[in-house]
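Just so you know, we're using my numbering here: the sequence shown kicks off at 186 and counts up by one.
First up is the structure itself, then whatever we jot down about it.
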Amino acid sequence: MACDPAPGRPNVALKLTEALAHPARLTIVRLLAELPDEHTAFDPRCGTAYGVCFCHLKEKTGLSGPTVSHHLKILREAGLVEGVRVGRWTYFRLKPGGLEALAHELLHLARQAESRALPKTPSSPSLSLLQEFLGDFIVEQANQAPQEQVRTIPLAG
């Protein structure tokens with residue numbers, strides 16, 4: 186019997202955190218988010234980023250091709266990464282909204298915890314710090330996404 190912390194509600198956080206729990210997959214996500222433009226292929230017609238070539242991910246992670254492919258499959262199934270086929274090459278990029286869903290769920294959980302928490306101690310984490318971090322992260326992701334796919338998520342509750 187599986188443990189379902191929120192029966193009847195899709196457990197987005199579980200699916201995404203399971204995908205990010207492996208160090209290699211977290212490294213791939215970081216590479217896709219942080220690699221400079223010289224590692225990214227762009228559509229010459231409109232300038233839209235295709236993403237990072239599989240060969241760059243293999244080189245940067247130091248993993249074998251089949252291992253990188255396995256981890257990319259898990260990240261795609263979780264909705265975090267998408268592949269764009271251009272000729273014989275496949276480029277990978279973060280899927281717009283994938284990490285936002287996790288950030289949204291974490292913010293929701295933080296708000297619930299904050300509302301039920303005992304009075305704060307000086308060392309306890311603050312909801313406002315999490316909101317600030319997630320807000321910056323979501324804005325950063327929105328700025329990297331193709332403009333037609335940008336969505337705004339209100340953070341103030």
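Ideal Cβ placement from N, Cα and C applies to all residues, glycine included.
Since the structure is predicted, the reported quantities are computational estimates derived from the model, not experimental observations.
Run the CB neighbour count on R270, radius 10 Å, all protein chains shown included, and call it buried at 16 or more, exposed below.
exposed
Using C-beta distances below 8 Å, list every residue in its chain close to R210, excluding the 5 sequence neighbours before and after it, in chain order.
Counting only Cβ-Cβ distances below 8 Å, and skipping sequence neighbours, we find A204, H256, I259 and L260.
Return the CA-CA distance between V237 and S300, expressed in angstroms with no decimal places.
41 Å
So L220 is in the beta strand (DSSP E); what residue range does that whole segment cover?
Looking at the DSSP string, L220 is not in any beta strand (DSSP E), and its letter there is neither H nor E.
Using 10 angstroms around the beta-carbon of A206, count the other beta-carbons present and answer buried if the total reaches 16, otherwise exposed.
In the assembly as shown, A206 is an exposed residue. Its beta-carbon has fewer than 16 other beta-carbons within 10 Å.
Taking its Cβ as the centre, do 16 or more other Cβ atoms sit within 10 Å of A263, making it buried, or is it exposed?
buried
Would the beta-carbon of K280 fall within 8 Å of that of E267?
yes
Grouping DSSP H, G and I as helix and E and B as strand, with all else coil, what is S308?
Per-residue confidence for S308 stands at a pLDDT of 49, beneath the threshold of 50, marking its modelled position as unreliable; no derived number is given.
Buried or exposed: which applies to R278, given that a residue is buried once 16 or more other Cβ atoms fall within 10 Å of its Cβ?
buried
Who are the near neighbours of K243 in its chain, counting only those whose CB is closer than 7 Å to its CB and skipping five residues on each side?
G250 and V253
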